[in-house]
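See structure below.
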Amino acid sequence: MRVAIIGAGISGLSLAYYLQKLGVRYDLFESAPQVGGMMKSVKRGAYQLELGPHSLQMNQEMQELVQELKLEDEVIRPATKSLNRYIRKDGEYHCVPTSPKRLLLDSFFHWRTKLKITQETKLPPEEVPEETVSHFFKRRFGQEVVDYLVNPMVAGLFAGDPDKLLLEKTFPLLKDLERQHGSVLKGLDMQQDLPRKPVFSLLNGLQTLPEAIASKLVSLHVDHKVEMIHRSRGKYLLSIQHDVEGLADEEFDVVVIALPAFAAAELLDFTTPGLAAALHNVTYAPMTVVHTAYRKHAVGFPLDGFGALHPQKEEPFSLGAIWSSSLFPRICPDDEVLFTSFVGGSQASDLANLPDADILLQVHEELRENYQISTKLPAFQHCYRWPAAFPQADMFITDVDQLTQLLEKEQLYACANWISGPAVHDCVMYAKQLAQKIYSQRPSFP
Numbered sequence: 001m002r003v004a005i006i007g008a009g010i011s012g013l014s015l016a017y018y019l020q021k022l023g024v025r026y027d028l029f030e031s032a033p034q035v036g037g038m039m040k041s042v043k044r045g046a047y048q049l050e051l052g053p054h055s056l057q058m059n060q061e062m063q064e065l066v067q068e069l070k071l072e073d074e075v076i077r078p079a080t081k082s083l084n085r086y087i088r089k090d091g092e093y094h095c096v097p098t099s100p101k102r103l104l105l106d107s108f109f110h111w112r113t114k115l116k117i118t119q120e121t122k123l124p125p126e127e128v129p130e131e132t133v134s135h136f137f138k139r140r141f142g143q144e145v146v147d148y149l150v151n152p153m154v155a156g157l158f159a160g161d162p163d164k165l166l167l168e169k170t171f172p173l174l175k176d177l178e179r180q181h182g183s184v185l186k187g188l189d190m191q192q193d194l195p196r197k198p199v200f201s202l203l204n205g206l207q208t209l210p211e212a213i214a215s216k217l218v219s220l221h222v223d224h225k226v227e228m229i230h231r232s233r234g235k236y237l238l239s240i241q242h243d244v245e246g247l248a249d250e251e252f253d254v255v256v257i258a259l260p261a262f263a264a265a266e267l268l269d270f271t272t273p274g275l276a277a278a279l280h281n282v283t284y285a286p287m288t289v290v291h292t293a294y295r296k297h298a299v300g301f302p303l304d305g306f307g308a309l310h311p312q313k314e315e316p317f318s319l320g321a322i323w324s325s326s327l328f329p330r331i332c333p334d335d336e337v338l339f340t341s342f343v344g345g346s347q348a349s350d351l352a353n354l355p356d357a358d359i360l361l362q363v364h365e366e367l368r369e370n371y372q373i374s375t376k377l378p379a380f381q382h383c384y385r386w387p388a389a390f391p392q393a394d395m396f397i398t399d400v401d402q403l404t405q406l407l408e409k410e411q412l413y414a415c416a417n418w419i420s421g422p423a424v425h426d427c428v429m430y431a432k433q434l435a436q437k438i439y440s441q442r443p444s445f446p
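Numbering (UniProt numbering), first residue to last: 1 to 446.
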């Protein structure tokens, strides 16, 4: 068996790594000269900046990967013991309680909303076809929960709009709790003892992870853009730019697409026009990442947590900010603090497209107001644009999932965040499972 993997983001790299461990022959093609996709870290003077994911969650797959790649000494745990999340409401930041019981005791929600929350356990479960995140939470907890908890969380995690994202694709666990226990709160009470996945970073940036995986791969081909996939007599042939190794003459039994949906659509227009058409419909949210540093003495707000999110009801400029230097102090000078702000998302996509100077200025002004910053100018600012940052799990993603499953019968697979979920640990876990699935089919090949 021989497998072609197209795309060397974290999904394609992880799949190649796990196939190699299983002894499956593969070739991994990447059109760019470097690997990693959105896992991008840069050094700007004294500042270590994450342009993609800011931190990773340490689930079982990530723990094993870090150990096998011998990256244990690179792992950085959060410096602060407090991973509190804050949400802006009525012009002030409020620490979000970490449990439903604490939420009922806190003053964050109106008493009518608290009453609605207490009655959630009595509501009968419902099956709503293609239910959105907003509809689900409004049905079970009320509109204020949607406006001031769900909206900022969905925007922060997925750059998405809860009025459009599907519940079962975005928060499948919550729907399972309603089905199994008749109530989300009852289900959460039964799972309250489950340990939270700790977050971590890496000493020289998170880009270290994809580069470490790439260094272990024996069949990685960068600067090799696959332009077309041909299927003939049950085998696959690839048209490849800069094919100095003659790989276009090789036959592949399996092809795995590990590209963004829009890139996969262009590649598959000829091979599988049905899936290509569905992939063309996948929506991506733009995002601009802004890093801003200030001298510590100029910041009047205590940065004792992970960061803060902004509901759309508050009419903010940014979606919120991570208090990066509170988590990982080494990333900026000792006498400074570093914020990572996020502008855009599907609910404010026009803001992500403003000129750099406008974005930098408005982020600075918003930070000054929100965090009682006395200085007129930041010590440092940097912005980076992702025109297509996050695939949106809306109604169009359902067709993609169904068609992708059907094409697995023809040994054409997908391994990307539009099918696994956007979190890095989800991509790695999905890649590991797919490697096992492909490996299990070896006997079916001559």
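Positions of the beta carbon are idealized from the N, C-alpha and C atoms, including for glycine. Being a predicted model, the structure only gives us computed values, none of them experimental.
Rounding to the nearest angstrom, what Cα-Cα distance links residue i and residue j in this structure?
i           : j    : result
G234        : S341 : 49 Å
L49         : R231 : 43 Å
P129        : P33  : 44 Å
C383        : Y284 : 19 Å
Y439        : A414 : 15 Å
Q347        : S239 : 39 Å
R2          : E61  : 25 Å
Y26         : Q402 : 26 Å
F339        : K437 : 42 Å
C332        : M395 : 42 Å
F445        : Q411 : Residue placement at F445 cannot be trusted, given a pLDDT of 49 that sits under 50; what the coordinates show is reported in the next sentence. Each residue's alpha carbon lies about 11 Å from the other.
A4          : D189 : 45 Å
A298        : E131 : 46 Å
G421        : T271 : 25 Å
G52         : V226 : 25 Å
K122        : D163 : 25 Å
residue 449 : P198 : The structure shown does not extend to residue 449, since the chain spans only 1 to 446, so no value can be given for it.
L103        : L434 : 39 Å
Q362        : F171 : 32 Å
V133        : N151 : 9 Å
S318        : L247 : 46 Å
I397        : H242 : 33 Å
H291        : N84  : 20 Å
L28         : H221 : 6 Å
For chain D, check one thing: does any of its Cβ atoms lie closer than 8 Å to the Cβ of residue i?
i    : result
T340 : Absence of chain D from the displayed structure is noted, only one protein chain being present.
Taking the alpha carbon of residue i as the point to measure from, which residue in the options has its own alpha carbon closest?
i    : options                   : result
P124 : K175, N281 and G160       : K175
G207 : M38, E365, Y47 and H221   : Sequence inspection shows Gln at residue 207; the Gly mentioned does not correspond to that position. The shortest C-alpha separation from Q207 is found at M38.
E127 : G182, E366 and H94        : G182
K101 : L83, K186 and K40         : K186
E168 : F301, F136, G156 and V424 : F136
D334 : L19, S31, R368 and A46    : A46
H224 : L165, I213, E245 and S215 : E245
V400 : I257, A388, F306 and A435 : I257
R368 : Y294, E30, A389 and D147  : Y294
T118 : P387, P302 and V184       : V184
S107 : E120, L71 and Y148        : Y148
H364 : P316, W386 and Q405       : P316
K89  : N370, A388 and E408       : N370
S31  : W111, I87, D426 and M228  : M228
K409 : F158, K296, V96 and Q441  : Q441
S215 : P302, E64, Q20 and L237   : Q20
How should residue i be labelled, buried or exposed, when 16 other C-beta atoms within 10 angstroms of its C-beta is the threshold for buried?
i    : result
T113 : buried
N204 : exposed
D161 : buried
A308 : buried
A16  : buried
R140 : buried
E68  : exposed
Q392 : buried
E144 : buried
L105 : exposed
L406 : exposed
A357 : exposed
In the DSSP assignment, the alpha helix (DSSP H) including residue i goes from what residue to what residue?
i    : result
Y294 : No alpha helix (DSSP H) holds Y294; the beta strand (DSSP E) holding it covers Y284 to R295.
S341 : Segment E336 to G344 is the beta strand (DSSP E) holding S341; no alpha helix (DSSP H) there.
E131 : Counting along the chain, E131 falls outside any alpha helix (DSSP H), and DSSP gives it neither H nor E.
S349 : S349 to A352
K175 : P172 to H181
G156 : N151 to F158
Q441 : Element bounds for Q441: n/a, residue is neither H nor E.
G320 : First-last for G320: G320 to I322, but that is the beta strand (DSSP E), not the alpha helix (DSSP H).
State the start and end residues of the unbroken beta strand (DSSP E) segment that holds residue i.
i    : result
L49  : Y47 to E50
M1   : Counting along the chain, M1 falls outside any beta strand (DSSP E), and DSSP gives it neither H nor E.
Y371 : Element bounds for Y371: n/a, residue is neither H nor E.
*Looking at C-beta atoms only, is the number of pairs between the segment 349-360 and the segment 3-11 that lie closer than 8 Å three or more?*
Touching, no, given that fewer than three Cβ pairs across the two stretches are closer than 8 Å.
*If you pair each beta-carbon of the segment 75-85 with each one of the segment 313-327, do three or more pairs fall below 8 Å?*
Because the criterion of three Cβ pairs below 8 Å is met, the segment 75-85 and the segment 313-327 touch.
*Would you call the segment 273-280 and the segment 372-391 touching, i.e. three or more CB-CB distances under 8 Å?*
No, the segment 273-280 is not in contact with the segment 372-391.
*Is the segment 249-268 close to the segment 52-59, with three or more CB pairs under 8 Å?*
With a cut-off of 8 Å, the segment 52-59 and the segment 249-268 do not count as touching, because too few Cβ pairs lie within range.
_Three-pair Cβ contact test at 8 Å for the segment 254-264 versus the segment 279-295_ = Verdict: yes, contact present.
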